[in-house]
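Undergrad: Dropping the structure in here first, questions after.
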Amino acid sequence: MNNLKAGFARVDITPMMGINIAGYFVERIADGVLDTLEANALAVEAGGNKAVLVVIDHCGLDKQYLGKYRDMISEKTGLPREAIMLTVTHTHTGPKLDPGTTDPLQLEYDVFLGHRVVDVAVAALEDLKDCKMGVAVGNAPNIAFIRRYIMKDGSIKTNPGVNNPDIVKSAGDTDERVNVVRFNRGEDDDIVLVNFGCHPDVVGGNKISADWPKFLRQTVEKAIDGSKCLFINGAQGDVNHVNVFPKKGDFNDMFNDFDGVSRGYGHARYMGRVVAGAVLQVFDKVEYMDVDSVKYVENVFEAPSQMPSDIDDITVEEAHRINDLHLAGRDAELPYEAMMLTTMVAQASRIVRYEHGPESFPMLISAFAIGDVAIFGMPGECFTGVGRGLKEAEGWKMVCPVINTNQKEGYFPMKDCYEGGGYEARSSRFKMGTAELIIEKGLELLDSLR
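Spelled out as C-alpha cells, the structure:
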C-alpha cells in the first residue's frame, strides 16, 4: 500500500560581500557573485511520520550551527530532532562560519542562515503532496577522479598536479554511479533527488558560487518540465574533478590554480551537465515501489582520535614551527609549495591541536528510511570505500550515503590510506580504522530501520 507524500522548497542564502570564503588554508574575501547559493528541502510523510532533509550550499557547517538549526526547525514544526537531517553540498566558494567566531559578518550570516533554513523546512512540509516514488542508477563517466596518486618514490600525494611525470597510478577507483530518486506527484512538480560523490571545488577564486551542483539542478529542471531537483553529495573525501592526464579537449575552460589544482567555472558547468545527463538516462525508467512508512534514527559512538604518532612525517616540535609560521602569514618561509604546502600545514595544525588528546570524539550518524530507500548521513568526508560499503547494506532498494550530515568532522580515510600519506590522512583527526567503524556502525543503524 502506498501512502507517501513529498514536498519541496528552495530559498536564496547568498551572503553579503566582504565575508570570508571557506575551503582553503588561505584567506579569500568574497568580492562578487557568480551564481546564487541555495538551501533546498525535501519533506516526506508516510505511515504517520514526517521527516525533512535540508541541503545547504556550503562547504561544511560545524555541529554548533547544525545542532542549533535543527533545534530551531524542531521548535517551529514540532518534528522530533531525529526527523530533521541537515547536510551541505560542500561548495568551496561559499561563506565561512567558524565556531566561536567574533567576525561581525559571520555572526550576521549565522542569524540569516538559521532563519532561511527554518523557512525552507517549513515551506517543504507545507508543500506535501501525494506521490509515488521510484529509483534508478545512472552513470557519470570521466568527471570524478580519485585525487590521491602513487608516486615513483612510493609515496601517496593528493593533487600532485596535471601531467606530473612522477605519477605512477591512481590510488583507487571512483564510483561513477548516480543514484536517482524520483517523487512523481502527478499534476504537481516532480521532485528529483540526486546522489553522487565528488568535491565541488571546481571554481576557485573570490566569488560566491554553488559550483557544479548548481548547474546540475538548473540543467535537470530545464530538461524535465515540471521538475525540482536537489543534490546530496556522496562519499567524496578522496574524489575530485581533476584529470591529471587530460587529452584532446579535457582541459577546456580550465586553468592551473595557486595550489596546483586545475579549476574553471566552465568546467563546473560541464560537470553539472554530465551528472544531469546521468539523471536523464534513467528518469523515465525508474522502478516504482509502494511506500507505507517513513522512519528515522540516529546514534552516537566514540571514534578514536589521531594524536601525534609514528605515521606522521614530522615531529611535534616541527609541527609547532610550521603552525606558528602559517598563523603568522609566513608560508613563504616553508620549504613546500602547492598542495604539499596545504598538506604539511594541515598536518601540523592537527598535531598541535591534538598533541595532548582527547583520545576520542563523539560521532553522530543518522538515517532516514523512505520505504525501501535509505538516506545515510555521514558525519564528515568519507572516502569512496565507505560509500561502497554502505551501498551494499542488505534489504534496501537503494542506499544514498551523504557527507557532512548533522555534523562536520573532517576526513575519514580507509585503513590502507594512512601509511602512504597524502592530505586527507595527514589532516584527519581520526585514527586509522574509523572509516571501517563508520561502515560497521552504519550497517547496524540501517538494519535497525528494517
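Reading the sequence shown from the start, the letters are residues 0 to 449 in numbering that gives the first Met the number 0.
All C-beta atoms in this analysis are idealised placements derived from N, C-alpha and C, irrespective of residue type, glycine included.
Fair warning: this is a prediction, and the values are worked out from it, not measured in the lab.
DSSP three-state call for residue 197: helix, strand or coil?
TA: Residue mapping note: residue 197 aligns to position 198 of the sequence shown, counting from 1. The answer is coil: DSSP assigns residue 197 none of H, G, I, E or B.
Undergrad: Among 59, 41, 45, 60, whose alpha-carbon lies nearest the alpha-carbon of residue 51?
TA: Locating residue 51 in the sequence shown gives position 52, counting from the first residue. Checked all of 59, 41, 45, 60; the closest Cα to residue 51 is 41.
Undergrad: Am I right that residue 198 and residue 240 are in contact with their C-beta atoms under 8 Å? What's the rounded C-beta distance?
TA: Reading the sequence shown from its first residue, position 199 is the one you call residue 198. Reading the sequence shown from its first residue, position 241 is the one you call residue 240. The pair is a contact, with the Cβ atoms about 7 Å apart (cut-off 8 Å).
Undergrad: Between which two residues does the beta strand (DSSP E) holding residue 74 run?
TA: As a working mapping, residue 74 is identified with position 75 in the sequence shown. Careful: residue 74 lies outside any beta strand (DSSP E), inside the alpha helix (DSSP H) at 62-76.
Undergrad: Contact defined as beta carbons within less than 8 Å: I believe residue 255 pairs with residue 161. What is the distance between those atoms, to the nearest angstrom?
TA: Translated into the one-based positions of the sequence shown, residue 255 becomes position 256. Translated into the one-based positions of the sequence shown, residue 161 becomes position 162. Confirmed, Cβ separation roughly 7 Å.
Undergrad: Any chance the region 19-34 sits against the region 87-99, with 3 or more Cβ pairs inside 8 Å?
TA: Flag = yes, the region 19-34 and the region 87-99 touch.
Undergrad: Can you tell me which of the three DSSP states residue 348 falls into?
TA: To locate residue 348, count along the sequence shown from 1; it is residue 349. Residue 348: helix per DSSP, three-state reduction.
Undergrad: For the structure I just gave you, are there three or more beta carbon pairs, one from the region 175-192 and one from the region 216-233, closer than 8 Å?
TA: Touching, yes.
Undergrad: Does residue 208 pass the burial test, meaning 16 or more other C-beta atoms within 10 Å, or should it be called exposed?
TA: In the sequence shown, the residue the question calls residue 208 occupies position 209. Result: buried.
Undergrad: Return the first residue and the last residue of the beta strand (DSSP E) that residue 219 is part of.
TA: Here residue 219 corresponds to residue number 220 of the sequence shown, with the count starting at 1. Careful: residue 219 lies outside any beta strand (DSSP E), inside the alpha helix (DSSP H) at 211-222.
Undergrad: Which one of 130, 200, 0 has the shortest CA to CA distance from residue 158?
TA: Indexing the sequence shown from 1 puts residue 158 at position 159. Minimum Cα distance to residue 158 is reached at 200.
Undergrad: Would you call the region 276-288 and the region 340-354 touching, i.e. three or more CB-CB distances under 8 Å?
TA: Output reads no: the region 340-354 does not touch the region 276-288.
Undergrad: With DSSP run on the structure shown, which of helix, strand or coil describes residue 170?
TA: As a working note, residue 170 is residue 171 in the sequence shown. Three-state DSSP puts residue 170 in coil, outside helix and strand.
Undergrad: Relative to the C-alpha of residue 113, which candidate in 73, 361, 147 has its C-alpha closest?
TA: The sequence position of residue 113 within the sequence shown is 114, counting from 1. Of the listed residues, the one whose Cα sits closest to residue 113 is 73.
Undergrad: Exposed or buried, residue 339, counting other C-beta atoms within 10 Å across all chains shown (16 or more means buried)?
TA: By one-based count along the sequence shown, residue 339 stands at place 340. By the 10 Å Cβ count, residue 339 comes out buried.
Undergrad: Need the endpoints of the alpha helix (DSSP H) that residue 253 sits in, please.
TA: Within the sequence shown, residue 253 is the residue found at index 254, counting from 1. Looking at the DSSP string, residue 253 is not in any alpha helix (DSSP H), and its letter there is neither H nor E.
Undergrad: List, from N- to C-terminal side, the beta strand (DSSP E) runs of 3 residues or more that fit wholly inside the region 104-150.
TA: The qualifying runs are 131-138, 147-150.
Undergrad: Does DSSP put residue 3 in a helix, in a strand, or in coil?
TA: Translated into positions along the sequence shown, residue 3 becomes position 4. Three-state DSSP puts residue 3 in coil, outside helix and strand.
Undergrad: Taking 9 Å as the cut-off, decide whether the C-beta atoms of residue 343 and residue 312 are in contact.
TA: Counting from 1 along the sequence shown, the entry for residue 343 is found at position 344. Counting from 1 along the sequence shown, the entry for residue 312 is found at position 313. In contact: residue 343 and residue 312 (Cβ atoms closer than 9 Å).
Undergrad: Can you tell me the Cα-Cα spacing of residue 305 and residue 221, whole angstroms?
TA: Position 306 of the sequence shown, counted from the first residue, corresponds to residue 305. Position 222 of the sequence shown, counted from the first residue, corresponds to residue 221. Going by the C-alpha atoms only, they are around 46 Å apart.
Undergrad: Taking Cβ to Cβ, would you say residue 286 is nearer than 9 Å to residue 121?
TA: Reading the sequence shown from its first residue, position 287 is the one you call residue 286. Reading the sequence shown from its first residue, position 122 is the one you call residue 121. No, they are not a contact pair.
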